[in-house]
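The block underneath contains the structure these notes are about, expressed in structure tokens.
2 protein chains.
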Amino acid sequence: MKYRVRFKIWLEKDGDVVMGLGRDKLLREIDRLGSISKAAKQVGMSYKKAWSFLKTMEDRLGIKLVETRRGGKNGGGAVLTAEAKKLLEEFEEITDRFEKLRKELSKK
Amino acid sequence: MKYRVRFKIWLEKDGDVVMGLGRDKLLREIDRLGSISKAAKQVGMSYKKAWSFLKTMEDRLGIKLVETRRGGKNGGGAVLTAEAKKLLEEFEEITDRFEKLRKELSKK
């Protein structure tokens, strides 16, 4: 039998999801675009949904993920905290380890 | 940050799913109960859905998974083929390897 192993991973704290593919993409787009609304648009999510995702992640993890500044010519902006960058880095490392195992176990 | 890594795995062939948690449970119950209808009931699936799952898996993998015999006092029965048992065994091994990695990467 030939097959490819596929997987989906996410992180939980006390049974609640704190990180997954959608949240990972959202954070990366915030980092790239410097704006929650632009990032939300990029990942096909409403601003309200994106904001709610971030707030819930922050509450569950007990850390601040995004620093926002209001107003100004370009309507404010958002930057990731060091903790958010660390979380992204760890999630990427975990994903890489799973991907390596996935390849090893797939039968061609 | 503390978190638990969670995962879901499945097997695909040519982009089509051929094995996953639901299918794994269904096959195991068929093996245990010797009947597709009893197994379907056990996993909360209609007989039609279970039969369709099996047929699709067999078509996609190009192997026979279940041998059925009709009639008789107890209304026939079903037994797994050697290939089905091998598939279950391999899926269990894959799951165990992922579970080991999951534990290793979870941060308490």
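Chain order of the listed sequences is A and D.
Note that my numbering numbers the first sequence so that position 7 is 12, with each residue one more than the last.
Note that my numbering numbers the second sequence so that position 36 is 41, with each residue one more than the last.
Note that beta-carbon positions come from the ideal geometry of N, C-alpha and C, so glycine has one too.
- Around LYS113(D), no beta-carbon contact reaches into chain A at under 8 Å, the shortest distance being about 11 Å.
- Contact fails between the segment 18-37 of chain D and the segment 25-33 of chain A, because fewer than three Cβ pairs, one in each stretch, are under 8 Å apart.
- Sequence-distant Cβ neighbours of LEU110(D) in its own chain, meaning closer than 7 Å and more than five residues away, are VAL10.
- Against chain D, a Cβ distance below 7 Å from LYS13(A) picks out PHE12 and LYS13.
- The beta carbon of LEU32(A) does not come within 8 Å of any beta carbon belonging to chain D, so the residue lies off that interface.
- Contacts with chain A (Cβ-Cβ distance below 7 Å) from the segment 95-109 of chain D involve ILE99, ARG102, PHE103 and LEU106, listed in chain order.
- Listed in chain order, the non-local C-beta contacts of ALA89(D) below 7 Å within the same chain comprise LEU32, LEU70 and VAL71, local neighbours out to five positions each way being set aside.
- Put simply, the CB of TYR8(A) is near chain D, with a gap under 8 Å to one of its CB atoms.
- With contacts defined by Cβ atoms closer than 8 Å, MET6(A) and LEU26(D) do not form a contacting pair.
- Residue burial is scored here from C-beta neighbours: SER51(A) has fewer than 16 other C-beta atoms within 10 angstroms and is therefore classed as exposed.
- For ILE99(A), the enclosing alpha helix (DSSP H) stretches over residues 87-110.
- Under the DSSP definition of a beta bridge, LYS13(D) partners with LYS13(A).
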